[in-house]
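Protein chains in written order, with the numbering used here: chain P, 60 to 244; chain Z, 60 to 244.
The structure under discussion appears below in the form of structure tokens.
There are 2 protein chains.
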Amino acid sequence: MNNNGHGSVLWFTGLSGAGKTTTAKFLEEKLRKQGRRVELLDGDELRDTICKGLGFSREERFENIKRVTYLARLLSRNGVDVLVSAITPYTEMREHARAQLPGYVEIYVKCPLHVCEMRDVKGLYAKARSGAITQFTGISDSYDEPSNPDITLCTSTATLEQNGDTILAWLGHAAPLEKSTSRRD
Amino acid sequence: MNNNGHGSVLWFTGLSGAGKTTTAKFLEEKLRKQGRRVELLDGDELRDTICKGLGFSREERFENIKRVTYLARLLSRNGVDVLVSAITPYTEMREHARAQLPGYVEIYVKCPLHVCEMRDVKGLYAKARSGAITQFTGISDSYDEPSNPDITLCTSTATLEQNGDTILAWLGHAAPLEKSTSRRD
């Protein structure tokens with residue numbers, strides 16, 4: 060916890076298939092082992108719950124992120140560390156989240172488009188290329204590269220463990236006064 | 060907290076104008092003074108955030124309650140006491156909430172329809188009677204009276220303070236083992 064009892068909100072942004080959820084899950088486990096209260100909010104999963112029915116137009120994508128932000132805010136102000144895994148493609152969305160969340164940490168999960176497309180874990184890039192799905196980030200919709208993220212991770216060149224360590228080191232560095240208390244215990 | 064670190068979920072159900080939010084706000088303040096982490100989820104307010112765009116058909120009302128339940132679950136499993144103020148008119152909705160929430164406490168805020176209608180704080184009953192709004196609980200949509208609530212409050216005959224005491228007494232009685240620890244401190 061930091062920010063007057065608020066939890067951190069580690070916001071993972073990046074292309075589909077860049078490794079946001081994989082990295083967030085890895086970190087979630089690490090933080091739980093430290094005895095912290097943690098929740099992982101996955102953009103894909105939230106589209107089945109509080110974001111059900113929203114499409115992928117610019118407006119609906121923004122509404123989607125507003126709801127995720129609302130949820131992250133409720134949790135983090137109660138001392139929960141929140142990990143958000145969501146493409147969050149537009150700069151204004153990330154500005155919204157930063158403005159709303161005292162513990163916001165922007166983590167850019169960077170991976171070249173051709174690598175994401177080669178991985179294509181969910182088969183979505185193939186569908187986007189064939190036109191079976193539209194408004195797909197990186198193919199038929201834009202991704203504004205973060206201009207000033209708090210942390211940048213490269214998943215095509217660094218390992219999961221290395222990236223996890225980068226975040227943990229950043230968190231430790233960002234809150235040196237708490238090293239002897241909850242943050243590092 | 061109770062239920063293995065889960066917070067309680069005090070779910071206020073009843074007609075529009077029965078006094079759900081008034082009672083919940085009163086209790087919220089009391090619980091905060093006890094040093095507990097508390098969130099009040101108001102059904103009306105959530106229709107501007109995570110439930111935006113949902114209407115009042117049976118299906119949409121249920122979807123609305125599912126989202127509120129989802130949010131209450133995330134908070135309560137992190138030790139937050141959650142107060143929910145929402146009409147929650149159908150039995151199956153309350154069964155859903157009870158099944159999903161380990162700390163669920165059903166509080167029936169009981170008030171005769173004619174009293175709610177006389178109060179008509181938001182002017183909604185007048186609109187419902189004139190037909191300006193449809194599917195309005197108690198007028199043009201049903202309210203299944205709770206058959207076995209944990210607590211029943213009568214807002215037309217008891218004062219706010221009395222009702223607040225009833226809930227606090229119930230909470231104290233329901234968790235006698237915690238009387239000397241967090242619950243009563």
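Each residue gets a CB set at the ideal place from its N, CA and C atoms; glycine is no exception.
Just so we're clear, the structure is a prediction, and the values are computed from it rather than from any experiment.
Bounding residues of the alpha helix (DSSP H) (the contiguous stretch that carries residue i)
| i | result |
| --- | --- |
| residue 204(Z) | That residue, residue 204(Z), is in no alpha helix (DSSP H); it is neither H nor E in DSSP. |
| residue 72(P) | Premise fails: residue 72(P) lies in the beta strand (DSSP E), 68-72, not in any alpha helix (DSSP H). |
| residue 127(Z) | 117-135 |
| residue 218(P) | It is not in any alpha helix (DSSP H) - residue 218(P) carries neither H nor E in the DSSP assignment. |
| residue 83(Z) | 79-92 |
Own chain, CB closer than 6 angstroms to residue i, minus 5 neighbours either side, in chain order
| i | result |
| --- | --- |
| residue 71(Z) | 79, 83, 144, 166, 168 |
| residue 115(P) | 194 |
| residue 157(P) | 163 |
Cα-Cα separation between residue i and residue j, rounded to whole angstroms
| i | j | result |
| --- | --- | --- |
| residue 210(Z) | residue 228(Z) | 11 angstroms |
| residue 91(P) | residue 68(P) | 15 angstroms |
| residue 186(Z) | residue 192(Z) | 6 angstroms |
| residue 149(P) | residue 202(P) | 6 angstroms |
| residue 212(P) | residue 96(Z) | 35 angstroms |
| residue 160(Z) | residue 206(Z) | 19 angstroms |
| residue 183(Z) | residue 88(P) | 49 angstroms |
| residue 93(P) | residue 128(Z) | 28 angstroms |
| residue 197(P) | residue 226(P) | 25 angstroms |
| residue 235(Z) | residue 86(Z) | Legend: pLDDT at residue 235(Z) = 42, less than 50; position of this residue unreliable, value from coordinates given subsequently. Looking at the two C-alpha atoms, the distance is approximately 20 angstroms. |
| residue 100(P) | residue 139(P) | 12 angstroms |
| residue 110(Z) | residue 76(Z) | 21 angstroms |
| residue 74(Z) | residue 146(Z) | 6 angstroms |
| residue 224(Z) | residue 204(Z) | 23 angstroms |
| residue 141(P) | residue 170(P) | 23 angstroms |
| residue 98(Z) | residue 155(Z) | 20 angstroms |
| residue 217(P) | residue 152(P) | 27 angstroms |
| residue 208(Z) | residue 222(Z) | 15 angstroms |
| residue 130(P) | residue 117(P) | 20 angstroms |
| residue 66(P) | residue 172(Z) | 43 angstroms |
| residue 220(Z) | residue 81(P) | 50 angstroms |
| residue 190(P) | residue 214(Z) | 59 angstroms |
| residue 181(P) | residue 181(Z) | 48 angstroms |
Neighbourhood of residue i by C-beta, 8 angstroms cutoff - its chain only, sequence neighbours within 5 removed
| i | result |
| --- | --- |
| residue 199(Z) | 187, 193 |
| residue 240(P) | With a pLDDT of 42 at residue 240(P), under the threshold of 50, the modelled position of this residue cannot be trusted, and the question is left open. |
Residue range of the unbroken beta strand (DSSP E) whose run includes residue i
| i | result |
| --- | --- |
| residue 101(Z) | 97-101 |
Where residue i falls: helix, strand or coil (DSSP)
| i | result |
| --- | --- |
| residue 149(Z) | coil |
| residue 164(P) | strand |
| residue 212(P) | strand |
| residue 196(P) | strand |
| residue 111(P) | coil |
| residue 189(P) | helix |
| residue 180(Z) | coil |
| residue 141(Z) | strand |
| residue 235(P) | Confidence is the limiting factor: at residue 235(P) the pLDDT is only 42, short of 50, which leaves the residue's position unreliable, though a coordinate-based value still follows. Helix, per DSSP. |
| residue 175(P) | helix |
Other residues of its chain near residue i: CB distance less than 7 angstroms, five sequence neighbours each side excluded
| i | result |
| --- | --- |
| residue 119(Z) | 113 |
| residue 64(P) | 138 |
| task | Please confirm if the segment 123-142 of chain P is in contact with the segment 102-113 of chain P, defined as three or more CB-CB distances below 8 angstroms between the two stretches. | result | yes
| query | If you pair each beta-carbon of the segment 132-140 of chain P with each one of the segment 174-186 of chain P, do three or more pairs fall below 8 angstroms? | reply | no
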